[in-house]
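**Student:**
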């Protein structure tokens, strides 16, 4: 074999090895991106704990909602996604869905095309209530009054009188 043929053969072998190395880098890069995306979704609860449909507390809540004939029928966001008073609000919202379902939310999320919420209970079906001081204030009033034994009508009238004058 001539020097020229040997040289060409070596160059071709290097190209093949280089091509394989590039392919491995692309595959490794793609796997890294998928892993990063998976890890990035964990804070949103997409990769942790039981799904809302199989969670026993959610199943019990949905049965309660069905029996009560509420306007808002979607499950609430699990309280485990939050900390402190927000977690407590989401946990306790599941205990008084009838009251929250009858209360207009004065942050005006019902009129906002971004949200289109039905009532105060709807604010707890997503993360809206966790970020809205009005929703949390209204919830706190409803929760306190329900613990005092007030009726749903009394709670709704008190909320309308207090928050309606401020909006």
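In UniProt numbering, the protein residues as written are 1 to 167. Glycine is no exception: its CB is placed at the ideal position from the N, C-alpha and C atoms. Since the model is a prediction, treat every value here as computed from it, not as a measurement.
1. Might you give, ordered along the chain, the residues of its own chain that have their beta carbon closer than 7 Å to the beta carbon of residue 138, omitting 5 neighbours on each side?
2. How should residue 118 be labelled, buried or exposed, when 16 other C-beta atoms within 10 angstroms of its C-beta is the threshold for buried?
3. Specify the secondary structure class of residue 79 as computed by DSSP and reduced to three states.
4. Once DSSP output is grouped into helix, strand and coil, what is the label at residue 56?
5. From this set, 88, 101 and 91, which residue's C-alpha is nearest residue 66's C-alpha?
6. Is the beta carbon of residue 71 less than 8 Å from the beta carbon of residue 124?
7. Whole-angstrom Cβ separation of residue 89 and residue 136, contact assumed at under 8 Å?
8. Give the range of the alpha helix (DSSP H) segment to which residue 139 is assigned.
9. Counting along the chain, where does the alpha helix (DSSP H) carrying residue 153 start and finish?
10. Just the Cα atoms here: how many angstroms apart are residue 134 and residue 108?
11. Under DSSP, the alpha helix (DSSP H) around residue 98 begins and ends at which residues?
12. So, helix, strand or coil for residue 128, using DSSP?
13. Among the candidates 26, 58 and 83, whose CA atom is the shortest distance from the CA of residue 95?
14. Using alpha carbons as the reference points, say which of 156, 31 and 110 lies closest to residue 143.
15. Let's test the definition: count the other Cβ atoms within 10 Å of the Cβ of residue 113 and tell me whether it reaches 16, buried, or not, exposed.
16. Whole angstroms is fine: what's the gap from residue 33's alpha carbon to residue 61's?
**Tutor:** From the atom records:
1. Excluding sequence neighbours, residue 138 sits near 103, 105, 106, 120, 159 and 163.
2. Buried, since its Cβ has 16 or more Cβ neighbours within 10 Å.
3. In the displayed model, residue 79 falls within a helix according to three-state DSSP.
4. The DSSP-derived three-state label of residue 56 is helix.
5. Looking only at 88, 101 and 91, the smallest Cα-Cα distance to residue 66 is reached by 101.
6. Contact flag unset, no.
7. Going by Cβ atoms, the distance from residue 89 to residue 136 rounds to 6 Å, so yes, they are a contact pair.
8. In the DSSP annotation of this structure, the continuous segment of the alpha helix (DSSP H) that includes residue 139 starts and ends at 133-147.
9. Going by DSSP, residue 153 is part of the alpha helix (DSSP H) stretching over 152-164.
10. Looking at the two C-alpha atoms, the distance is approximately 10 Å.
11. From DSSP, the alpha helix (DSSP H) with residue 98 extends over 97-101.
12. DSSP, read as helix, strand or coil, puts residue 128 in helix.
13. Cα-wise, what sits closest to residue 95 is 58.
14. The shortest CA-to-CA distance from residue 143 to any of 156, 31 and 110 is the one to 156.
15. By the neighbour-count criterion, in which 16 or more other beta carbons inside 10 Å mark a residue as buried, residue 113 falls on the exposed side.
16. Their backbone Cα atoms lie some 37 Å apart in a straight line.
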